[in-house]
Amino acid sequence: MSYDLSTLEQGCRQLKVTLNDAQKKQFTDFYEFLIEKNKVMNLTGITEFQEVLVKHFLDSLACVKAVDMAKTENMIDVGTGAGFPGIPLKIAFPHLKSCLLDSLKKRVNFLEETFRLLNLEEITAVHGRAEEYARKKDYRESFDLCVSRAVSNLATLSEYCLPYVKKGGYFISYKSGAVKEEAQQAEKAIKILGGEIKDIIYFSLPDSEIQRSLVVIEKTGLCPARYPRKAGTPLKEPL
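When we follow the numbering used here, the leftmost residue of the sequence shown carries the number 103, and every step to the right adds one.
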């Protein structure tokens, strides 16, 4: 099937992301597989091709506004769901050693099938809770970059995500619209966890009025050993 990729190409030009023909095909193959599997499991409420290009693919790639991906060696996507932003970032930046973490086994199975279909290498999908994997030696403070499009409040998300980031690395939280107040409320938690908000980048998705933001958090120190707290606590009792 032939697809109009002009929106993807224009959006990538704006982001200064270069895709070759093989990468563009990986995006369309990913779209087709996502929609096929979405018929039997709940992966996304967005299914129209142009909408997926904008709201999933280009939104995922917007991370380049905050981080130099060429200098990023490894990345973890916490609460990845159907693979956003992890898979689009891996397609666009094949050098990334990537780990996608999700708590639902069915989604992890879908991700693993996707990796095989797209011939993606040095990418793994992990089934587990963020609070538990952050205590494992191979994961704790091991990543240059942690990304998440999960919808929890920033204080909770920071407790899930900052323990994975090595000192000098970054946690990028994808958010909708204005987040200044939420960021201010999360500052104390972020400081406790060894991080510091460096920037909030506001932008609109291409060809839309959808307002998005990236909260850029640098890992400036080590995360105290007692964090993250046991499963469920960060959500019920944010720091």
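The C-beta atom is built at its ideal place from N, Cα and C for all residues, glycine as well.
Within the chosen definition, does the stretch 175 to 183 reach the stretch 248 to 262 through at least 3 CB pairs nearer than 8 Å? By the Cβ rule, the stretch 175 to 183 counts as touching the stretch 248 to 262, because three or more pairs are nearer than 8 Å.
First and last residue of the beta strand (DSSP E) that includes L202? Element bounds for L202: 199 to 204.
8 Å contact criterion, which G323 and K269 should meet: CB distance rounded: With a beta-carbon spacing of about 7 Å, G323 and K269 fall inside the 8 Å limit used to define contacts.
Can you grab the Cα-Cα spacing for the pair A236 / S104, in whole Å? Taking the Cα positions, A236 is about 42 Å away from S104.
Assuming L341 and I299 make a contact with CB atoms under 8 Å, what is their CB distance in whole Å? Not a contact, Cβ separation roughly 14 Å.
Do Y133 and V119 have their CB atoms nearer than 8 Å? With contacts defined by Cβ atoms closer than 8 Å, Y133 and V119 do not form a contacting pair.
If you compare alpha carbons, which of V210, V281, K238, S306 is closest to A327? Distance from the Cα of A327 is smallest, within the candidate group V210, V281, K238, S306, for K238.
Starting from E150, follow its DSSP beta bridges and name the residues at the other end. Looking at the DSSP output, E150 sits in no beta bridge, so it has no partner there.
Specify the secondary structure class of Y262 as computed by DSSP and reduced to three states. Of the three classes helix, strand and coil, the one that applies to Y262 here is helix, per DSSP.
Per DSSP, which one or two residues make a beta bridge with K321? Residue pairing for K321: DSSP places it in a beta bridge opposite G297.
So V180 is in the beta strand (DSSP E); what residue range does that whole segment cover? Residues 176 to 180.
Cα separation between G334 and Y262? Per the coordinates, the alpha-carbon of G334 lies some 10 Å from the alpha-carbon of Y262.
According to the neighbour-count rule (16 or more other Cβ atoms, all chains shown, within 10 Å of its Cβ), is K282 buried or exposed? By the Cβ neighbour-count rule, K282 is exposed, with fewer than 16 other Cβ atoms within 10 Å of its own.
Check for me: the beta strand (DSSP E) holding D246 runs from which residue to which? Taken as a continuous stretch (DSSP letters only), the beta strand (DSSP E) holding D246 covers 245 to 250.
Beta-carbon gap between P308 and G113 smaller than 8 Å: Taking 8 Å as the cut-off, the Cβ atoms of P308 and G113 count as close.
Can you say whether S315 is buried or exposed, counting buried as having 16 or more other CB atoms within 10 angstroms of its CB? Looking at its Cβ environment, which holds 16 or more other Cβ atoms inside 10 Å, S315 is buried.
Determine the DSSP secondary structure at Y276, reduced to helix, strand or coil. Y276 sits in a strand when the DSSP states are folded into three classes.
Return no unless some Cβ of chain D is closer than 8 Å to the Cβ of A168. As a matter of chain content, chain D is missing from the structure shown, which is built from one protein chain.
Among residues of its own chain, excluding the 5 on either side of Q152, which ones have a beta-carbon nearer than 7 Å to its beta-carbon? Excluding five sequence positions before and after Q152, the CB atoms of its chain that fall closer than 7 Å to its own CB belong to T109, given in chain order.
Out of curiosity, what's the CA-to-CA distance linking P342 and E233? Here the chain has residues from 103 to 341 only, and residue 342 is not among them.
Tell me H229's beta-bridge partners as DSSP assigns them. Residue pairing from DSSP places H229 in a beta bridge opposite D204.
Quick one: Cα of E223 to Cα of G185, how far? Between E223 and G185, the C-alpha separation is close to 15 Å.
Could you check the C-alpha separation between E345 and A124 for me, to the nearest Å? Nothing in the structure corresponds to residue 345, since the chain is present only between 103 and 341.
Excluding the 5 residues preceding and the 5 following G230 in the sequence, name in chain order all residues of the same chain whose CB lies nearer than 7 Å to its CB. Correct list, in chain order: L203, S205.
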